[in-house]
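Quick notes on the structure that follows.
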Amino acid sequence: MIAVFFLNGLTLSTYIVRAPSFKSAHHLTDGQFGLSGLLFALAAIACMQLVGPLAARVGTRAMLRCTLAVMPLLLAGLAVAPGPWWYIGGSAVLGAVHGTTDAAMNATAVAVEQRGGRPVMNRCHAGWSISAVLASLTTAALAHAGVSLTTHLVVAGALLLAAGLLLGPHLPAGTAARGSAPAARAPWTRPLLLLGVTATALMICEGGALGWGGIFLHDIRHASVSLAAAAITAYTGGQTVGRLFGDRLSLRRGRRPVFRGGAAIAAAGLAAAVLSPSAPVAVAGFALAGLGSSVLIPLVFSAAGGLPGAEPATLVARLTTFTYTGILLGPALIGWSAEYVGLLPTMAGLIPLLLLAGAVAPVPSRSASAGCGPEVPVAGRAG
Numbered sequence: 003m004i005a006v007f008f009l010n011g012l013t014l015s016t017y018i019v020r021a022p023s024f025k026s027a028h029h030l031t032d033g034q035f036g037l038s039g040l041l042f043a044l045a046a047i048a049c050m051q052l053v054g055p056l057a058a059r060v061g062t063r064a065m066l067r068c069t070l071a072v073m074p075l076l077l078a079g080l081a082v083a084p085g086p087w088w089y090i091g092g093s094a095v096l097g098a099v100h101g102t103t104d105a106a107m108n109a110t111a112v113a114v115e116q117r118g119g120r121p122v123m124n125r126c127h128a129g130w131s132i133s134a135v136l137a138s139l140t141t142a143a144l145a146h147a148g149v150s151l152t153t154h155l156v157v158a159g160a161l162l163l164a165a166g167l168l169l170g171p172h173l174p175a176g177t178a179a180r181g182s183a184p185a186a187r188a189p190w191t192r193p194l195l196l197l198g199v200t201a202t203a204l205m206i207c208e209g210g211a212l213g214w215g216g217i218f219l220h221d222i223r224h225a226s227v228s229l230a231a232a233a234i235t236a237y238t239g240g241q242t243v244g245r246l247f248g249d250r251l252s253l254r255r256g257r258r259p260v261f262r263g264g265a266a267i268a269a270a271g272l273a274a275a276v277l278s279p280s281a282p283v284a285v286a287g288f289a290l291a292g293l294g295s296s297v298l299i300p301l302v303f304s305a306a307g308g309l310p311g312a313e314p315a316t317l318v319a320r321l322t323t324f325t326y327t328g329i330l331l332g333p334a335l336i337g338w339s340a341e342y343v344g345l346l347p348t349m350a351g352l353i354p355l356l357l358l359a360g361a362v363a364p365v366p367s368r369s370a371s372a373g374c375g376p377e378v379p380v381a382g383r384a385g
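In C-alpha cells, the structure reads:
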C-alpha cells in the first residue's frame with residue numbers, strides 16, 4: 003500500500019510543482035488558472051462521493067488498478083493540451099481521478115489494518131510525503147537543466163504508468179465487490195461528523211503552516227527569503243519523520259494517547275514558531291509542529307474507517323470530503339482573517355484549534371498488545 007500512496011503522491015505533486023510552467027505554457031490568465039484549481043478540487047470532492055457505491059460493485063483493488071493507469075496519462079496530456087480550455091478541462095478530469103484514488107487507497111489501507119491487526123496508515127502517508135519531496139527536488143533539477151515541460155511530463159507519465167501497471171497485480175485486497183451498494187447509504191453518525199470536523203480543522207492548521215508559514219517569517223519576523231522557505235521544508239520534513247515511526251508508536255502506546263500527544267506537540271511547535279521573535283527558533287518550531295501533526299490525519303482516517311454501519315470505502319470517502327474542504331478553505335480563511343486582525347493573531351489562533359481537535363476527536367484507544375482492527379469509539383457506542 004505504501005507504493006500506491008507514493009505513486010499517487012508523485013503524480014499529484016508533479017502536477018502541483020509544475021503549476022508555474024503550466025500557466026506559462028498555456029498562456030493562462032490568473033482567472034483561468036484559479037478556475038483550473040477550483041474545478042480540480044470540486045471534481046475530486048464530487049467523485050469521492052461515488053467511491054462507496056463503486057467499491058461495493060467492483061472493489062477498491064480494481065478501482066486503484068484503473069486510476070493508477072489513468073492518472074499518468076492525464077498528467078502527460080496536460081503538458082500537450084492544445085489550448086487553455088483543454089488544460090482547464092483536463093485538470094478537472096485529473097481532479098476527479100485523483101479524488102477517486104485518494105479515497106480508494108485510504109479505504110484499502112484501513113482494510114489492511116483491520117485484517118492484519120497492525121497499523122499501517124502512518125507509513126502509507128509517509129510514502130506520500132516522501133513523494134512530494136522527491137517531486138519537488140526532481141522538478142527543480144530538471145528546470146535548472148533546461149528540460150522542457152513536455153519532455154518532463156511525458157517521460158514522468160510513462161514511468162508512472164509502467165510502475166502502476168507493474169504494481170496492479172500485487173495490490174492488497176481492500177473493499178471487496180459485493181454486487182450492490184447498500185452500505186453507501188449509511189447515515190452520517192455523530193462520531194463520523196466529529197471526525198470530519200476534526201479533519202477539516204487539522205487541514206486548516208496544516209494549510210496555515212504550509213501556505214502561510216514562510217510568508218509569516220518573511221513579513222512578520224523579517225527573515226530572508228531562503229530562511230522563510232526553510233520553514234516549509236522543516237514542517238514537511240518533521241511530518242515525514244513522524245509518519246515513519248507513527249505506526250509503531252500507535253501500536254505500543256495506543257492510538258488515542260498518540261493522537262492527543264501529537265496534537266499537543268504540534269501546538270507547542272506552532273506556538274514556538276509564531277510567538278518566538280527569533281526566525282531560526284521559529285523554523286525549529288515549524289519542524290516540531292510537523293512532527294506532532296504527522297500522526298493526526300492518518301489516525302483520523304483509521305478511526306473513521308473502523309466506525310460501524312458502513313464499508314470503510316464509504317466512511318473514508320466521506321471523511322476525505324472534509325479533508326478537502328479544509329485544504330480549500332484553510333489558506334483563504336487565514337488570508338481573510340489576516341487582512342482584518344493581522345497575520346500574527348491569525349496564526350496564533352491555530353494553536354488552540356489544534357489543542358481542541360486533540361481533545362474532542364473520537365479516536366479510539368488501543369492497548370499496546372492489541373491490534374488495530376474494527377473498534378467502536380465510546381461516542382459511537384453511546385449513539
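Going by my numbering, the sequence shown opens with residue 3, and the numbers climb by one from there. Ideal Cβ positions, reconstructed from N, Cα and C, are used throughout, including at glycine.
query = If we ignore side chains and look at the alpha-carbon of each, how far apart do phenylalanine 247 and isoleucine 4 end up?
reply = The straight-line gap separating the alpha-carbon atoms of phenylalanine 247 and isoleucine 4 is approximately 14 Å.
Minimum C-alpha distance to proline 310 - residue among Thr202, Gly294 and Leu194: Taking only the C-alpha atoms, the option nearest proline 310 is Leu194.
- For histidine 224, which of helix, strand or coil comes out of DSSP? DSSP places histidine 224 in coil when its eight states are reduced to three.
Given a cut-off of 8 Å, decide if alanine 43 and alanine 330 are closer than it, judged by their beta-carbon atoms.
-> As written in the sequence, residue 330 is leucine, which differs from the alanine given in the question. Yes, these two residues count as a Cβ contact at 8 Å.
Proximal residues to arginine 257 (C-beta, below 8 Å), its chain only, five neighbours per side dropped:
Correct list, in chain order: Pro121, Leu301, Ser304, Ala305, Val365, Pro366, Ser367, Arg368 and Cys374.
Note to self: Using only the alpha-carbon positions, how far apart do leucine 40 and proline 333 sit?
What the structure shows: If you take the alpha carbons of leucine 40 and proline 333, they lie about 13 Å apart.
* Under 7 Å Cβ to Cβ from glycine 79, same chain only, skipping five residues before and after it: list those, please. => The residues Gly92, in chain order, have a CB closer than 7 Å to that of glycine 79 in the same chain once the five nearest residues on each side in sequence are set aside.
| query | Buried or exposed: which applies to tryptophan 190, given that a residue is buried once 16 or more other Cβ atoms fall within 10 Å of its Cβ? | reply | Looking at its Cβ environment, which holds fewer than 16 other Cβ atoms inside 10 Å, tryptophan 190 is exposed.
Could you check what DSSP says for histidine 29 in three-state terms: helix, strand or coil?
It is coil, neither helix nor strand.
Q) What three-state label does DSSP hand valine 53 in the structure shown? A) DSSP places valine 53 in helix when its eight states are reduced to three.
Proximity to glycine 337 [Cα-Cα], best of Gly264, Gly209, Ile47 and Leu9
The residue from Gly264, Gly209, Ile47 and Leu9 with its alpha-carbon nearest to that of glycine 337 is Gly209.
_Using CA atoms only, rank isn't needed, just tell me which of Ala83, Ala233 and Val95 is closest to alanine 27._
Selected option, being the one with the closest Cα: Ala83.
request  = Kindly provide the ranges of any beta strand (DSSP E) runs that are 3 or more residues long and lie completely inside the region 244 to 283, ordered along the chain.
outcome  = Assignment of beta strand (DSSP E) within the region 244 to 283, counting only whole runs of 3 or more residues, yields no such run.
Contact under 8 Å by Cβ, leucine 356 with alanine 269: Going by C-beta atoms, leucine 356 is nearer than 8 Å to alanine 269.
Q.
Would leucine 197 and leucine 321 qualify as a contact pair, given that the criterion is a beta-carbon distance under 8 Å?
A. The Cβ-Cβ distance between leucine 197 and leucine 321 falls below 8 Å.
_On a Cα-Cα basis, can you pick out the residue from Val112, Pro22, Cys49 and Phe24 that is closest to isoleucine 299?_
In this structure, Val112 is the residue among Val112, Pro22, Cys49 and Phe24 with its C-alpha nearest to the C-alpha of isoleucine 299.
Task: Contacting residues, own chain, Cβ-Cβ under 6 Å from valine 276 (five flanking each side not counted) - done: Excluding sequence positions up to five before and after valine 276, its CB lies within less than 6 Å of the CB of Met349 and Ala350, all in the same chain and listed in chain order.
What whole-angstrom Cβ distance do alanine 201 and threonine 325 have, given they're in contact under 8 Å? That pair is a contact at about 5 Å.
From the DSSP output, in three-state form, read off glycine 119 for me. DSSP places glycine 119 in coil when its eight states are reduced to three.
Within its chain, find whatever has a CB closer than 8 Å to the CB of proline 282; leave out the 5 residues flanking it on each side and keep chain order.
-> Excluding residues within five positions, the ones whose Cβ falls inside 8 Å are Leu229.
Alpha carbon to alpha carbon, how far is arginine 59 from alanine 175? Distance between the alpha carbons of arginine 59 and alanine 175: 14 Å.
- Query: Should proline 379 be labelled buried (16 or more other beta-carbon atoms within 10 Å of its own) or exposed?
  - Reply: Low confidence applies here, because proline 379 scores a pLDDT of 36, under 50, leaving its location unreliable; read the following figure in that light. It counts as buried.
Checking 8 Å against the spacing of the C-beta atoms, do leucine 9 and leucine 70 come in under that value? In this structure, leucine 70 lies closer than 8 Å to leucine 9 by Cβ.
- Are glycine 54 and alanine 319 close, meaning C-beta to C-beta below 8 Å? Result yes, Cβ atoms of glycine 54 and alanine 319 sit closer than 8 Å.
Please classify alanine 45 as buried or exposed, where buried requires at least 16 neighbouring CB atoms within 10 angstroms.
Around the Cβ of alanine 45, a 10 Å sphere holds 16 or more other Cβ atoms; the residue is buried.
Inset, instruction - With DSSP as the reference, label proline 314 as helix, strand or coil. - result: Three-state result, proline 314: helix.
| Is the distance from the Cβ of alanine 233 to the Cβ of glycine 244 below 8 Å? | Not closer than 8 Å, so no.
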